[in-house]
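Enquirer:
Numbering (my numbering), first residue to last: 226 to 293.
Spelled out as structure tokens, the structure:
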């Protein structure tokens, strides 16, 4: 299983984090999504068939593009 922390500048509140969780957990292979609106970060745990690219693409589609 892989874990990655994403910095997402346009997270402004807990509602943003809940929206991200709801969308990402629907991706097959995503096991856990946690977020901190104060730090503007989310942490995602996944295994195949989910990929880093699919997760980033989903975030981008939602207008929550992560910064590297």
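Using N, Cα and C, we set each Cβ at its ideal position, and we do this for glycine too.
1. Using CA coordinates, which residue listed in 227, 226, 234, 228 is at the minimum distance from residue 291?
2. Exposed or buried, residue 277, counting other C-beta atoms within 10 Å across all chains shown (16 or more means buried)?
3. Any idea what DSSP makes of residue 260, helix, strand or coil?
4. Does DSSP classify residue 265 as helix, strand or coil?
5. Return the CA-CA distance between residue 255 and residue 238, expressed in angstroms with no decimal places.
Expert: Short version:
1. Ranking 227, 226, 234, 228 by CA distance to the CA of residue 291 puts 234 first.
2. Under this definition residue 277 is an exposed residue.
3. In the structure shown, residue 260 adopts extended strand secondary structure according to DSSP, grouped into three states.
4. Secondary structure at residue 265: coil, using DSSP grouped into helix, strand and coil.
5. Roughly 22 angstroms separates the two Cα atoms.
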